[in-house]
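Notes for the one structure printed next.
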Amino acid sequence: MARSLRGELLGWLLVPLGGVVLFNGWITYHNAETIADLIADRTLLASARVIAEQVKETDGRVEALIPPSALEMFASPDRDRVIYRVMAPSGELIAGFPDVAPPPAPPNDLQPVYFDARFRNDAIRAVALAQPVISKTAGGNALVIVATTLNGRDRLISEIWRASLRDQIILVGIAALLTLFGLHRGLAPLLRLRSELRTRDPGSLKALRRDDVQSELRPLIDALNQAFSRVQGYIALQRRFIADASHQLRTPLTVLKTQAAMGLRDETQEGKTEALTAIDSGVDGMSRLVNQLLVLARAEPGGAALRKELIDFRGVARSALESLACIAFDRAIDLSFDDEADPLPVVGHVTLLRELVLNLVDNALRHIPNGGSVAVSLTRVNGNVQLIVEDDGPGIPLEERERVLERFHRLAPSTVEGTGLGLAIVREIVAAHGGTVELSDRPRGSGLRVDVRLPVADHEDPPQDRSQ
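Numbering (this note's numbering), first residue to last: 275 to 742.
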């Protein structure tokens, strides 16, 4: 189930707010209890004082007249019971209920005592008040206790708490509505971005505008624009590859078709054999062209993801040279290889690095006469692995050295068969591995020197030998 950003933001705002409401409700309830107790206590004290004023000695006897006003103070719809007890200084009950609980501590002349108790299974709130009585025989304090049941108090607490909670819930609702409105306004740029992406042409990779959006959205738009740019580059590479492949394959296929037609028309065995030999040679050339195109596609930026690993470049170079040794031997070419005794670790794609060496050496072998020489050396120089391939062929003019690294560019006139992809493949592979390639004259005599440098891997693990 897809999650809603609006819902998550609203939840992160309302859940803590709900917690605050609950905590405030708990505080409000206790405050309501305090207020209700204060009101009840003041009413009890006022009633007790009215009764206490009526305590007096008459004819040597302490009496108390309970005025109606003392009890009318508690009149309410809650039908609370009012209980009182008046004791003479001698401890004699002079008015009220004898079973009203006494206070936990006796009151003094200045301070009444409030306490909670039970009266005939009902919870009550009570106050005990000491009332001095002047007597001819002896003085003392009469004890006045007034209590009431808690129906009115509980109702008052409930009303205060509910009113406060209702107000808070209303405020939370208003806050939720305002939050939703704010989220809608805040997410409007994101919704506009979604609408723009939905309604744009499926083939459009035009960059999105970032001028009129909030700073928080700009990294997202920048990332999308970078992705669009990469896709554009990848599509351009694909189109370029398809165009190059179709252009280069069209002529060989036409030649093969012509040779096949000539072989079919020729009724002599010699003519058919000659046509088949030409077709076989053409297929070999096409196979090499297709393989080089595939290698080029893999080495290009944006091509297939390269699985790079830590390897010893010596083994890769040695393996490539061994596969070309028979060609050099058949043409009496001196193919030499000089490398270091220590490993030369690089992080790269084994197959592409092998193709790098193959294309350099094969290019040298193709452009030198029989009996020539090709020298390959591999060393560590200034934090790089340096691969040098030198031949004693005709070399490449200075003005052509940059162009021969482009696809399908061949020197003119050229009598050597080829596709014009060898050095272009070298440049793409070197670039994919963060290296450099440079063409120059051979230091001694005529010929070409190709200098390739790849970063040395900074790894503690020993590199793998890929010579097999």
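Every residue, glycine too, gets a C-beta built ideally from N, C-alpha and C.
Given the structure is predicted, the values throughout are model-derived calculations rather than measurements.
Specify whether the segment 278–294 and the segment 395–404 touch according to this definition: at least 3 beta carbon pairs, one from each stretch, less than 8 Å apart. no
Measuring only the C-alpha atoms, how far is Ala421 from Gly414? 23 Å
At least 3 beta-carbon pairs within less than 8 Å: the segment 464–475 vs the segment 332–342: no
Could you pull the start and end residues of the beta strand (DSSP E) that Phe389 belongs to? 387–393
Straight-line gap, Ser610 to Ala497 (C-alpha atoms, nearest Å): 50 Å
Could you give the DSSP three-state label for Gln543: helix, strand or coil? helix
What is the rounded straight-line gap between the Cα of Ile419 and the Cα of Val294? 42 Å
Separation of Ala326 from Asp383, as counted between CA atoms: 12 Å
Just mark Arg316 as buried or exposed, buried being the case when its beta carbon has 16 or more other beta carbons within 10 Å. exposed
Out of Val336, Pro729, Leu722, which has the shortest C-alpha to C-alpha gap to Val638? Position check: residue 638 holds Ala in this sequence, whereas Val was assumed. Taking only the C-alpha atoms, the option nearest Ala638 is Leu722.
Taking only runs of the alpha helix (DSSP H) that begin and end inside the segment 596–666, which ones reach a length of at least 4 residues, in chain order? 624–640
When we look at the beta-carbon of Ala768 and count the other beta-carbons within 10 Å, is it buried (16 or more) or exposed? With the chain covering 275 to 742 only, the question about residue 768 has no answer from this structure.
Alpha-carbon spacing of Ile743 relative to Pro386, whole angstroms: Residue 743 lies beyond the stretch modelled for the chain, which goes from 275 to 742, so this question has no answer here.
Should Thr689 be labelled buried (16 or more other beta-carbon atoms within 10 Å of its own) or exposed? Note that Thr689 has pLDDT 46, beneath the 50 cutoff, so the model's placement of it is unreliable and no number is given.
To the nearest angstrom, how far is the alpha carbon of Glu307 from that of Val374? 24 Å
Spatially closest choice to Ala344 from Ser647, Gly370, Ala706, Gly365, by CA coordinates: Gly370
Segment contact flag, the segment 601–619 with the segment 703–710, C-beta cutoff 8 Å, min 3 pairs: no
If I'm right that Leu538 touches Val505 with Cβ under 8 Å, what's the distance once you round it to whole angstroms? Incorrect: roughly 47 Å between the Cβ atoms, too far for contact.
Nearest-angstrom Cα separation, counted from Ala362 out to Arg427: 30 Å
Name the DSSP bridge partner or partners of Thr422? Val356, Arg399
Taking just the CA atoms, how far does Asn425 sit from Trp286? 41 Å
Could you give the residue range of the alpha helix (DSSP H) that holds Leu288? 279–326
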